[in-house]
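Asker: First residue of the sequence shown: 0, per the numbering used here; consecutive thereafter. We treat Cβ as the ideally placed atom computed from N, Cα and C, and that holds for glycine. Have a look at the structure that comes next, please.
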Amino acid sequence: MGSISAYETVAGRRYRVRYRTPGHQQTDKRGFRTKRDAELYLASLELAKARGDYVPAARAGVNFQSWSEKWIDSLVQVKPSTLQGYVSITRGRLQPRWGSTPLNAITHSDIQSWISDENSRVGARTVGSYHRVFSMILKYAVRDGRLGRNPADGIRLPRIRPKKHPYLTHAQLHELAALCGSEGLVVLFLGYTGLRWGELAALECRNVDFTRRRVQVDRAVVELTDGQLVYGSPKNHQQRSVPFPSFPCDQLRALVASKKSRDLLFTSPYGRLLRVNNWKRKAFDKAADNHPDLLRPTVHDLRHTAASLAISAGANVKAVQRMLGHASAAMTLDVYADLFDDDLDAVGDALSRLGSPEVVSKVWANPENAASEPTADGLGSLRRTGWAPWGSNPRPAD
Numbered sequence: 000m001g002s003i004s005a006y007e008t009v010a011g012r013r014y015r016v017r018y019r020t021p022g023h024q025q026t027d028k029r030g031f032r033t034k035r036d037a038e039l040y041l042a043s044l045e046l047a048k049a050r051g052d053y054v055p056a057a058r059a060g061v062n063f064q065s066w067s068e069k070w071i072d073s074l075v076q077v078k079p080s081t082l083q084g085y086v087s088i089t090r091g092r093l094q095p096r097w098g099s100t101p102l103n104a105i106t107h108s109d110i111q112s113w114i115s116d117e118n119s120r121v122g123a124r125t126v127g128s129y130h131r132v133f134s135m136i137l138k139y140a141v142r143d144g145r146l147g148r149n150p151a152d153g154i155r156l157p158r159i160r161p162k163k164h165p166y167l168t169h170a171q172l173h174e175l176a177a178l179c180g181s182e183g184l185v186v187l188f189l190g191y192t193g194l195r196w197g198e199l200a201a202l203e204c205r206n207v208d209f210t211r212r213r214v215q216v217d218r219a220v221v222e223l224t225d226g227q228l229v230y231g232s233p234k235n236h237q238q239r240s241v242p243f244p245s246f247p248c249d250q251l252r253a254l255v256a257s258k259k260s261r262d263l264l265f266t267s268p269y270g271r272l273l274r275v276n277n278w279k280r281k282a283f284d285k286a287a288d289n290h291p292d293l294l295r296p297t298v299h300d301l302r303h304t305a306a307s308l309a310i311s312a313g314a315n316v317k318a319v320q321r322m323l324g325h326a327s328a329a330m331t332l333d334v335y336a337d338l339f340d341d342d343l344d345a346v347g348d349a350l351s352r353l354g355s356p357e358v359v360s361k362v363w364a365n366p367e368n369a370a371s372e373p374t375a376d377g378l379g380s381l382r383r384t385g386w387a388p389w390g391s392n393p394r395p396a397d
């Protein structure tokens, strides 16, 4: 147990706390205005040592800016596009507010107040991204022994209202493809396979299997903000085989026949990699200019459309998950829960059909179900197995 002693300064009496670290090194902390403050500090030290949460002040005193830069340097297994997002949030939003603050001075209540302020300026999803990066930086400090706990844990975040996905029907998808002219094949391919743009742009002719009508997704390309192109594995590092319908096969065969195995499947008119912004201007924007009343989907809406069309065709959740390359079936259900609302109607209809009094009475009347026929009180075999409704006095089961 440490000790507390008073000493005199020009500004008046102050208190010093002497204590030993878990490594049995004696040290002290000075400058407490009241003995009560010194006692509370000493008690918190002893509690932290008992819990194994003790952090030397020198280690926890590093400021947020220098620590967040060290965290960025540690991100060696993060995809370039993800790293770019983390760096943008850290340097653009977190460091301007918290840069000079020591790690051990960042409190839960301060973070909560900051989150509330940010929510008045940006959307709930953006605030959630800020908090996620902030929490990862502080969690890294906990793992390095610079903080005893993560003050960003348990922060109340604004509620995210799910967006309603715009799903195209088969007719709308084909109409859009026709209006996009020479880029119509890309529209159909995205709308029926659900590939992400980076996955489609990185496809090579070798990835197309016409026998099984499958396309092998084994890489993706990302265009960074500086225009740099980075090739890597698909999102979640999941290679997958994705089916495609038969009607675009002739166009795809003609496309593959004019190229080599390792050539890109879809390219610009100059044979270069398709860039999403250039493609949108040539396809979507041009079609919308010529037809102002046209539904204006985004490129990612075609991925949502593929999920919708697959589910309406009878695909189960696991198949849709594998098709889209989601990390789990739970994620697929979360994203596309609205597509399964009609299933609830089917469940209600089935329960009505199988549980109707007419059907149940026929089951009781069937001689094969004599062992389950109702008794005088209408409970049948349920009474004999010891079950009874609330308020009755059941006979204990044998």
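Measuring CB to CB, does P165 end up less than 7 Å from D300?
Answerer: Cβ atoms of P165 and D300: closer than 7 Å.
Asker: Assuming contact is defined by CB atoms lying nearer than 7 Å, are R145 and L187 in contact in what I supplied?
Answerer: Against a cut-off of 7 Å, the Cβ pair of L187 and R145 comes out as no contact.
Asker: Is it true that the CB of K78 sits closer than 7 Å to the CB of G231?
Answerer: Result yes, Cβ atoms of G231 and K78 sit closer than 7 Å.
Asker: For the beta strand (DSSP E) that A256 lies in, which residues bound it at each end?
Answerer: Careful: A256 lies outside any beta strand (DSSP E), inside the alpha helix (DSSP H) at C248 to A256.
Asker: Spatial neighbours of P388 within its chain, please: C-beta separation below 7 Å, excluding the five flanking residues on both sides.
Answerer: Because the pLDDT of P388 is 49, which lies under 50, any placement of that residue in the model is unreliable, and the question is left without a value.
Asker: Of all the options A123, P157, C204 and H303, which has the alpha carbon lying nearest to the alpha carbon of T168?
Answerer: The option with the nearest alpha carbon to T168 is H303.
Asker: Do F265 and L272 have their C-beta atoms closer together than 7 Å?
Answerer: Taking 7 Å as the Cβ cut-off, F265 and L272 do not qualify as a contacting pair.
Asker: Which of the three DSSP states is assigned to Y166 in this structure?
Answerer: In this structure, Y166 counts as coil in the three-state DSSP scheme.
Asker: Closest to R120 by C-alpha separation, out of G1, R92 and V61, would be which residue?
Answerer: That would be R92, whose Cα lies nearest to the Cα of R120.
Asker: Take A336 and list the residues in its own chain whose beta-carbon comes closer than 6 Å to its own, dropping the five residues that flank it on each side.
Answerer: Correct list: empty, nothing qualifies.
Asker: Measure from the alpha carbon of A400 to the alpha carbon of each residue in S134, R239, L156 and R124, then state which is nearest.
Answerer: Residue numbering for the chain in the displayed model covers 0 to 397; residue 400 lies beyond these limits and cannot be assessed.
Asker: Decide if M426 is buried, meaning its Cβ has at least 16 other Cβ atoms within 10 Å, or exposed.
Answerer: As displayed, the chain neither begins before 0 nor continues past 397, which places residue 426 out of reach and without an answer.
Asker: Among all the DSSP beta bridges, which residues are the ones paired with L272?
Answerer: Answer is T266.
Asker: Where H130 and L251 are concerned, what is the direct C-alpha to C-alpha distance, given to the nearest angstrom?
Answerer: Each residue's alpha carbon lies about 45 Å from the other.
Asker: Exposed or buried, T384, counting other C-beta atoms within 10 Å across all chains shown (16 or more means buried)?
Answerer: Because T384 sits at a pLDDT of 48, beneath the cut-off of 50, its placement in the model cannot be relied upon, and the point is left open.
Asker: Name the two residues that bound the continuous alpha helix (DSSP H) containing Q94.
Answerer: Q94 to W97 is the extent of the alpha helix (DSSP H) around Q94.
Asker: Nearest by alpha-carbon distance to S65: which of V86, Q94 and Y85 is it?
Answerer: Here the closest residue by C-alpha is Q94.
Asker: What does a CB cutoff of less than 8 Å around L137 pick up in its chain, not counting 5 residues either side in sequence?
Answerer: Correct list, in chain order: L102, I105, L146, N149, P150 and A151.
Asker: Within 10 angstroms of the Cβ of Y18, are there 16 or more other Cβ atoms? Answer buried if so, exposed if not.
Answerer: Label assigned to Y18: buried.
Asker: Going by C-alpha distance, which of D288, R261, F243 and S355 is nearest L308?
Answerer: Selected option, being the one with the closest Cα: F243.
Asker: In the DSSP assignment, find the alpha helix (DSSP H) that holds D152 and state where it starts and stops.
Answerer: That residue, D152, is in no alpha helix (DSSP H); it is neither H nor E in DSSP.
Asker: Between the stretch 156 to 165 and the stretch 176 to 186, do three or more beta carbon pairs fall short of 8 Å?
Answerer: No: the two stretches stay apart, fewer than three of their Cβ pairs being nearer than 8 Å.
Asker: Taking the straight line between their C-alpha atoms, what separation do you get for A314 and E68?
Answerer: Going from the Cα of A314 to the Cα of E68 covers about 46 Å.
Asker: Kindly indicate which three-state DSSP category L228 falls into: helix, strand or coil?
Answerer: Residue state, collapsed to three classes: strand.
Asker: At which residues does the alpha helix (DSSP H) containing K69 begin and terminate?
Answerer: Run containing K69: F63 to D72, per the alpha helix (DSSP H) assignment.
Asker: Enumerate in chain order the residues of its own chain whose CB-to-CB distance from P296 is below 8 Å, with the five nearest sequence positions on each side excluded.
Answerer: P165, L167, L175, F283 and T304.
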